[in-house]
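Worksheet: the structure to be examined is printed underneath.
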DNA sequence: GTCTATAACGAGATAGAC
DNA sequence: GTCTATCTCGTTATAGAC
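Protein chains in written order, with the numbering used here: chain A, 1 to 192; chain B, 1 to 192.
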C-alpha cells in the first residue's frame, strides 16, 4: 500500500485529547481545544467520536491496551522481580516528566462526573495493574528477591495507590524527585 | 452586638461548594449548582464571592484552617506518636466515608487549570500536613515508639501522597476498606 | 471526511432596582 | 443582601453542502 502522508486522524485526535485530559482533567478540556491542535473543525471531531463520552471511552481503551503492552514488554526485557518493579515505576516517571498525570488517576478525580462506561474502564485499568503487580510480587517472594507479608494483591493495591498519589502531589510541586523518592521507599521496604 | 443571620450565608455557600468540589472537582461544579442548594440566586453568590477563583481561594483557606485546628486537637487528645498517626489517618477516613475526596487532593488533579493563588494554597496545605507529620514522626522515633530511617520529612511526604492516592483510588472503587488497608500497612511498617 | 452554519444550552459575571 | 434581567462567551452537538 502507498504511504499515507496523513497520520490516521482518529489517532491524532486521541493523542491530543489524551494529553489535554492528563494535564487538565476530563471536564476542563473541550472539543474546541482538540480541534485547534489537530487543525480540523469541531464538527469533524464528532465524525470520529460522536460524543465526549465516546472519546473518553476510546482514550481509556487505548491507554489500557498500551499499558498492557508495556507490562508484557517488561516481562521480556527483565528477568527478576525487582527489575520488573523498577521498570514498572519508570512507566509512571515517564508520564510525570511530561508534567502529565496518569490518565486513569486524573479520571479517578473526576470519577463521580463520568459516564458509566468510563468509570468501568478506569477501575479496569487499576485492576489490570494490580493483577500484574501481584504476579510480580508473588514471583519475587517465592524467589526470595522480595520480602513482604500478607497477600500480594493487598500489597499491589498499596503500590498502585501510592504511585498514583505520589504522581498527583509531585506534579503539583513540579518536582519529579518527590515521586522518585516514593519509588525508592517502596522498593526499599520490599527487601527488608 | 446582635446576632447576624447574614454572616452564615457565606458559610453555607462554602459548605455546599466544598462538598461539590470534593465530589465533582473544581471545573465540574457551577455557581448554579451552589445557588440551587443554598436556595439563593446566582447573583447573590457573587456578592459573597465575586469570582469562582475567589470562592476557590476561600474554600482552601477555610479547609487549611480547619485541618490545622484538627491537628492541634490531636496533640491535645493523644499522647504518643502512634496514636497521633492513627488519629491523623482517621481525618482522611472521615472524608472518604462521605464519598468525598480530600479538597486539596482533588484540586491537585485540577492543578494546571487553577489560578495562581489557589495553586499556592493547595501546596501550602500539603506542606502544612507534612510539617506536622514530620514532627510527630521524629517524636515517635526519639521515643522509640516508631522506627524508620532517613529524614522524617521524606517519610512525611511519602505518607501524605500515599494517603491522597489511597483516597483517590478507594473512592472510585467505593471501598473504604481499601483505604483502611493502606493505613494499616503504613502504620505497620513504622513499628518494624 | 471535512466543511460552514447554527442550534440549544449552561457557564461566569454585571447592572441596577428594592 | 437579595433580587430580576441580561450580557457575553464557550460548550456539546447536529444539519446539510461539498
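All residues carry an ideal CB built from backbone N, CA and C; glycine is no exception.
request  = Report, in whole angstroms, the separation of the C-beta atoms of residue 121 of chain A and residue 61 of chain A, which I expect to be a contact under 8 Å.
outcome  = Sure, about 7 Å apart at Cβ, within 8 Å.
message = Judging by CA-CA distance, which residue of B:177, B:13, B:133 is the nearest neighbour of residue 151 of chain B?
response = When each option's Cα is compared against that of residue 151 of chain B, the closest is B:133.
request  = Mind listing the chain A neighbours of residue 178 of chain B? Cutoff is C-beta to C-beta under 7 Å, in chain order.
outcome  = 157, listed in chain order.
key: Closer than 8 Å to chain B by CB, residue 41 of chain A   = Chain B places no beta carbon closer than 8 Å to that of residue 41 of chain A, leaving this residue out of the contacts.
inquiry  = Going by DSSP in three states, residue 101 of chain B sits in which element: helix, strand or coil?
reply    = In the structure shown, residue 101 of chain B falls within a coil segment according to DSSP collapsed to helix, strand and coil.
inquiry  = Helix, strand or coil for residue 7 of chain A? Go by DSSP, reduced to three states.
reply    = In the displayed model, residue 7 of chain A falls within coil according to three-state DSSP, outside both helix and strand.
ask   = How many angstroms separate the CA atom of residue 149 of chain A from the CA atom of residue 141 of chain A?
value = Within the model, the alpha-carbon separation for residue 149 of chain A versus residue 141 of chain A is close to 9 Å.
query = Does any CB atom of chain A fall closer than 8 Å to the CB of residue 145 of chain B?
reply = Chain A contact via Cβ: absent.
query = How is residue 27 of chain B classed by DSSP in three states: helix, strand or coil?
reply = It is coil, neither helix nor strand.
request  = Identify each residue in the stretch 102 to 131 of chain A for which the Cβ-Cβ distance to at least one residue of chain B is less than 8 Å, and report them in chain order.
outcome  = Residues of the stretch 102 to 131 of chain A that bring their beta carbon within less than 8 Å of a beta carbon in chain B comprise 105, 106, 108, 109, 110, 111, 112, 113, 119, 122, 123, 126, in sequence order.
query = When the cut-off is 8 Å and only beta carbons count, does residue 183 of chain A lie next to chain B?
reply = Among the residues facing chain B, residue 183 of chain A is not included, as its CB has no counterpart in that chain under 8 Å away.
key: Inter-residue Cα distance where the pair is residue 175 of chain B and residue 180 of chain A   = Cα to Cα, residue 175 of chain B sits roughly 28 Å from residue 180 of chain A.
ask   = Just checking my contact of residue 145 of chain B with residue 80 of chain B at CB under 8 Å: how many whole Å lie between their CB atoms?
value = Yes, they are in contact, since the Cβ atoms of residue 145 of chain B and residue 80 of chain B sit about 5 Å apart, within 8 Å.
message = On the DSSP letters alone, give me the boundaries of the alpha helix (DSSP H) that residue 161 of chain B sits inside.
response = DSSP places residue 161 of chain B in the uninterrupted alpha helix (DSSP H) bounded by 152 to 173.
Residue 185 of chain B - DSSP class collapsed to helix/strand/coil = Note: residue 185 of chain B maps to helix in three-state DSSP.
request  = Can you tell me which of the three DSSP states residue 33 of chain B falls into?
outcome  = Three-state result, residue 33 of chain B: helix.
inquiry  = Is the beta carbon of residue 33 of chain B closer than 8 Å to that of residue 20 of chain B?
reply    = Result yes, Cβ atoms of residue 20 of chain B and residue 33 of chain B sit closer than 8 Å.
ask   = Going along the chain, which residues of its own chain have a beta-carbon closer than 6 Å to the beta-carbon of residue 182 of chain B, five neighbours each way excluded?
value = Apart from sequence neighbours up to five positions away, the residues of its chain that approach residue 182 of chain B with a beta-carbon distance below 6 Å are 166, ordered along the chain.
query = If we call anything under 8 Å between Cβ atoms a contact, is residue 110 of chain B one with residue 28 of chain A?
reply = Cβ atoms of residue 110 of chain B and residue 28 of chain A: closer than 8 Å.
message = Whole angstroms are fine: how far does the CA of residue 43 of chain B sit from the CA of residue 99 of chain B?
response = Each residue's alpha carbon lies about 30 Å from the other.
request  = Would you mind stating whether residue 107 of chain A and residue 118 of chain A have Cβ atoms separated by less than 8 Å?
outcome  = For residue 107 of chain A and residue 118 of chain A, yes; Cβs fall inside 8 Å.
query = What is the residue span of the alpha helix (DSSP H) that residue 128 of chain A lies within?
reply = Here the alpha helix (DSSP H) through residue 128 of chain A covers 116 to 142.
query = From this set, B:191, B:49, B:159, B:172, which residue's C-alpha is nearest residue 178 of chain A's C-alpha?
reply = For the set B:191, B:49, B:159, B:172, the Cα lying nearest the Cα of residue 178 of chain A is the one of B:159.
query = Buried or exposed: residue 76 of chain B, going by 16 or more other Cβ atoms within 10 Å of its Cβ?
reply = Flag for residue 76 of chain B reads exposed.
query = Within 8 Å (strictly less), CB to CB, does residue 23 of chain A reach chain B?
reply = It does: the Cβ of residue 23 of chain A has a partner Cβ on chain B nearer than 8 Å.
ask   = Closest to residue 68 of chain B by CA distance: which of B:26, B:93, B:130, B:162 is it?
value = For the residues B:26, B:93, B:130, B:162, the minimum Cα distance to residue 68 of chain B belongs to B:130.
inquiry  = Let me make sure I understand the geometry here. Which of A:157, A:171, A:172 has the alpha-carbon closest to that of residue 186 of chain A?
reply    = Of the listed residues, the one whose Cα sits closest to residue 186 of chain A is A:157.
request  = Tell me, please, whether the CB atom of residue 57 of chain A is closer than 8 Å to any CB atom in chain B?
outcome  = Closer than 8 Å to the CB of residue 57 of chain A there is not a single CB belonging to chain B.
query = Does the beta-carbon of residue 147 of chain B have 16 or more other beta-carbons within 10 angstroms, so that it is buried, or is it exposed?
reply = Classification for residue 147 of chain B: exposed.
query = How big is the Cα-Cα spacing for residue 138 of chain B and residue 85 of chain B?
reply = The alpha-carbon separation between residue 138 of chain B and residue 85 of chain B amounts to approximately 12 Å.
query = Helix, strand or coil for residue 49 of chain B per DSSP?
reply = Coil at residue 49 of chain B, not helix or strand.
query = Can you name the residues of chain A whose CB is closer than 7 Å to the CB of residue 189 of chain B?
reply = Chain A residues near residue 189 of chain B: 189.
Proximity winner among B:54, B:74, B:64, relative to residue 116 of chain B (alpha-carbon distances) = Minimum Cα distance to residue 116 of chain B is reached at B:54.
query = Name the chain B residues whose beta carbon is nearer than 7 Å to that of residue 154 of chain A?
reply = By Cβ distance, chain B contributes 181.
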